[in-house]
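**Student:**
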Amino acid sequence: MLNRFVKSTKKGTMIFNMHLEEGWTAKNDKYVDREKFICLHAFSNLYHISPPIFIYLLKECYLCGTRKATHKFNVLQQHVFHALCNAPQPDPYTFIVHCLYILPLLGLQYAEGFSHLLMCSLKRLKNRKPVLGVLSEAKHLAARLFVDILASSVSHEERILIKILELFEIELKDIGEARFGSVTKKDDMEKARAFIERHIFDFIESQSYMTATVLVEHFSVNLGQSFLVKMMDNNHFKAAEKWAVFMGKPMLCLLVQKYVDMKMLKNAYDVIKRNNLKEEFPDVQRLYKESSLKKLAEKGLWDIAELRAMKDRQLLEFVVYLAMEAGYAEKVFELCDRYSLEGFDKLTVSDRPTFGACYLDPEKLMIDNIIWVDDFNGLITATNYIEGCKVVGIDCEWKPNYEKGCKPNKVSIMQIASENRAYIFDLIKLHQDVPLELDSCFKNLLCSPNILKLGYNLQCDLYQLSQSYGDLECFRYYEMLLDVQKLFNESGGLSGLAEKVLGAGLNKTRRNSNWEQRPLTQNQMEYAALDAAVLVHIFHRIYNQPQSSCNEVRSKVEWKSHIVSCMGNAKRK
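In this note's numbering, the protein residues as written are 52 to 624.
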């Protein structure tokens with residue numbers, strides 16, 4: 052019978068396939084008329100189409116064509132919605148439940164996607180053409196399917212189980228009728244409740260907490276605080292929040308306290324804000340804001356931290372304390388002066404930050420001299436020295452711009468360092484005073500085949516340089532550049548790499564400071580010099596010491612193959 056039907060509807064199937072493949076890709080062409088295509092297809096009247104035939108045609112239409120699965124499902128969902136409006140027997144709801152019974156026979160490859168497709172189409176139909184409750188026959192059959200899925204008699208994923216529960220508005224008495232035949236006695240309802248509770252505990256045991264939470268909420272099952280604690284301990288926070296909201300204020304308060312104990316202050320603050328619990332937890336908001344400010348300070352984002360704290364004097368004082376802990380004396384004085392904060396002048400700002408690890412400094416790296424270059428004579432002297440080096444490190448700094456959508460500020464300084472000496476070039480002033488000499492000297496350095504030039508994320512720096520000084524040729528071409536970042540799979544940035552190779556990281560407190568101020572502070576000068584010099588030390592430690600602890604890293608990469616050059620239009624490795 053199935054074969055006879057497929058033969059008799061082959062033309063209709065082909066038309067539907069053509070619409071699936073062509074109609075949606077040529078929506079501006081005049082020959083496309085969606086309604087006519089639908090009417091020509093067998094789906095235009097489902098009165099004589101059984102669920103098995105419907106599923107067969109659905110599969111055949113999906114297999115036709117070369118479009119991606121997402122596109123096909125979107126088109127098919129539109130067609131299924133229209134098909135459900137065309138007399139499926141005995142009604143669309145019962146028809147879909149029969150289809151859901153059949154789909155697992157196709158195997159996991161199709162069952163999961165088609166099940167969601169059918170349920171979404173039916174939900175759309177229900178929203179467009181609401182009925183006074185789901186038809187009793189369809190609801191009873193859906194409850195049977197729900198029970199069969201719980202009992203593993205029919206294979207469907209948990210999300211389909213939840214969709215059936217919600218779309219067909221299944222109640223506990225429906226479960227009792229589907230499971231035990233009737234719920235005329237009180238004992239029958241208790242049996243139905245026990246059946247649901249047993250499967251809820253099965254979901255909890257398998258850590259399917261969201262499914263368990265939906266069932267608990269839908270059937271009003273009271274599991275107490277232990278359920279919430281178990282979800283939190285297993286990091287199922289979304290399900291825990293859903294459960295706590297359903298249970299009410301006492302459970303929400305327990306949820307917030309658990310978040311606080313777990314140091315998850317943002318989650319705690321969000322729950323408090325959404326559920327109006329500020330009176331119950333007056334201190335959590337401040338703790339969360341202080342935690343956020345500390346994270347910004349540790350990343351060196353002092354300007355953002357200041358903006359977040361600007362309207363709250365107590366938070367501004369907290370930022371000052373963070374700057375003191377970080378040894379950022381100039382930021383302490385700057386904030387105290389700007390906001391008239393008193394009482395900090397008697398406190399000593401430590402040169403060594405108290406949060407974070409032990410950091411590298413010029414003394415540890417034996418950097419003898421940090422030289423500021425802002426005139427012609429200094430430029431020539433620096434160029435002569437660098438041309439005599441075999442390996443140098445290069446880095447750049449510019450003032451951060453926190454306005455969304457705005458271009459980055461012009462690169463302010465460029466650092467070029469050997470193992471024990473660092474030159475810091477004031478690009479803004481040199482470009483203003485001696486642009487031709489700056490272009491000539493840097494062209495000699497960057498295009499020299501005799502100097503290996505090291506950088507970290509160097510392509511970003513070169514791009515910013517070319518954008519900042521587009522009239523100079525020196526930043527467009529280069530030779531013998533090695534981006535150290537590409538040699539290592541290091542998530543901690545240059546500081547993390549330095550800690551791994553040299554035993555100590557870099558203090559990034561001043562990374563986002565104002566690099567356009569003149570003169571730079573001594574701490575800024577040291578920060579800038581270290582960022583360039585540490586590259587040379589890392590390179591020598593790994594590649595020039597056969598007995599280094601980094602031999603394993605060295606063996607994994609052949610650094611010479613990563614050297615790049617860009618001379619005119621020709622790029623070569």
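Note that beta-carbon positions come from the ideal geometry of N, C-alpha and C, so glycine has one too. In this text, all values refer to a predicted model and were calculated from it rather than measured experimentally.
For lysine 559, count neighbouring C-beta atoms within 10 Å of its own C-beta (all shown protein chains included) and say buried if the count is 16 or more, exposed if not.
**Tutor:** Label assigned to lysine 559: buried.
**Student:** Taking the alpha-carbon positions, what's the valine 335 to tyrosine 390 distance?
**Tutor:** Going from the Cα of valine 335 to the Cα of tyrosine 390 covers about 25 Å.
**Student:** Leaving out five residues before and five after glutamine 515 in sequence, what residues of the same chain have Cβ atoms less than 6 Å from its Cβ?
**Tutor:** For glutamine 515, where only same-chain residues beyond five positions count, the Cβ hits under 6 Å are Val462.
**Student:** Suppose the cutoff is 8 Å on Cβ atoms and the five residues either side in sequence are ignored; what does the same chain contact list for serine 233 look like?
**Tutor:** Only Gly227 and Asp239 meet the Cβ criterion.
**Student:** What whole-angstrom Cβ distance do valine 535 and leucine 586 have, given they're in contact under 8 Å?
**Tutor:** Rounded, the Cβ-Cβ distance is 6 Å, consistent with contact.
**Student:** Have a look at proline 459 and serine 564 and give me their C-alpha separation to the nearest angstrom.
**Tutor:** Taking the straight line joining both Cα atoms gives about 14 Å.
**Student:** Can you name the residues that DSSP bridges to tryptophan 449?
**Tutor:** Its beta-bridge partners are Val462.
**Student:** Looking only at its chain, what residues have a beta carbon closer than 6 Å to the beta carbon of cysteine 447, apart from the 5 residues adjacent to it on each side?
**Tutor:** The answer, listed in chain order, is Val462, Met465 and Asp512.
**Student:** So what's tryptophan 566 in DSSP terms, helix, strand or just coil?
**Tutor:** Tryptophan 566: coil per DSSP, three-state reduction.
**Student:** Classify phenylalanine 165 as buried or exposed, calling it buried when 16 or more other Cβ atoms lie within 10 Å of its own Cβ.
**Tutor:** Buried, since its Cβ has 16 or more Cβ neighbours within 10 Å.
**Student:** So for lysine 504, helix, strand or coil by DSSP?
**Tutor:** Strand at lysine 504.
**Student:** Are the CB atoms of alanine 229 and histidine 191 within a distance shorter than 8 Å?
**Tutor:** Their beta carbons are under 8 Å apart, which means histidine 191 touches alanine 229 by this criterion.
**Student:** Within a Cβ cutoff of 6 Å, which residues of the same chain sit near proline 139, ignoring the five residues on either side of it in sequence?
**Tutor:** Counting only Cβ-Cβ distances below 6 Å, and skipping sequence neighbours, we find Leu97 and Phe146.
**Student:** Taking 6 Å as the limit between beta carbons, can you name the residues of its chain near isoleucine 255, skipping five residues before and five after?
**Tutor:** Hits under 6 Å: Ala263.
**Student:** Measure the alpha-carbon distance for tyrosine 372 versus isoleucine 475 and round it to whole angstroms.
**Tutor:** Between tyrosine 372 and isoleucine 475, the C-alpha separation is close to 30 Å.
**Student:** Can you name, in chain order, every residue of its own chain whose Cβ lies under 6 Å from the Cβ of methionine 282, other than the five neighbours on each side?
**Tutor:** Hits under 6 Å: Tyr260, Ala290 and Ala291.
**Student:** Cα separation between glutamate 438 and isoleucine 502?
**Tutor:** Cα to Cα, the separation comes out at about 7 Å.
**Student:** Using the DSSP secondary-structure output, state which residues sit across from tryptophan 423 in a beta bridge.
**Tutor:** Per DSSP, Ile475.
**Student:** Take every Cβ of the stretch 412-430, pair it with every Cβ of the stretch 579-593, and state whether three or more of those distances are shorter than 8 Å.
**Tutor:** Output reads yes: the stretch 579-593 touches the stretch 412-430.
**Student:** Determine which residues share a DSSP beta bridge with glycine 444 and list them.
**Tutor:** The partner list for glycine 444 (beta bridge, DSSP) reads Ala468 and Leu505.
**Student:** Could you check the C-alpha separation between isoleucine 221 and leucine 196 for me, to the nearest Å?
**Tutor:** Straight-line Cα distance between these residues: approximately 11 Å.
**Student:** So which of Gly547, Leu201, Asn471 and Gly116 has the shortest CA-CA distance to aspartate 253?
**Tutor:** Nearest of Gly547, Leu201, Asn471 and Gly116 to aspartate 253, Cα basis: Leu201.
**Student:** From cysteine 115 to leucine 176, what distance separates their C-alpha atoms?
**Tutor:** Distance between the alpha carbons of cysteine 115 and leucine 176 is about 26 Å.
**Student:** Pick from Thr117, Ser257 and Lys110: whose alpha carbon is nearest that of cysteine 150?
**Tutor:** Selected option, being the one with the closest Cα: Lys110.
**Student:** Where does glycine 632 land, buried or exposed, given buried means 16+ other C-beta within 10 angstroms?
**Tutor:** This structure gives no information on residue 632, because the portion of the chain shown stretches from 52 to 624.
**Student:** How about leucine 478 and lysine 504: are their beta carbons less than 8 Å apart?
**Tutor:** No, they are not a contact pair.
**Student:** Taking the C-alpha atoms as reference points, what is the distance between leucine 338 and methionine 315?
**Tutor:** Taking the straight line from one Cα to the other gives about 10 Å.
**Student:** Quick one: what's got a C-beta closer than 6 Å to leucine 352's C-beta in the same chain, skipping five residues either side?
**Tutor:** Same-chain partners within the cutoff: Asn563.
**Student:** Give the DSSP-derived three-state secondary structure of methionine 576 in the structure shown.
**Tutor:** DSSP places methionine 576 in helix when its eight states are reduced to three.
**Student:** Hey, arginine 527 and serine 519 are a contact pair by Cβ (cut 8 Å); roughly how many whole angstroms apart?
**Tutor:** Not quite, the Cβ-Cβ distance comes to about 12 Å (not below 8 Å), so this is no contact.
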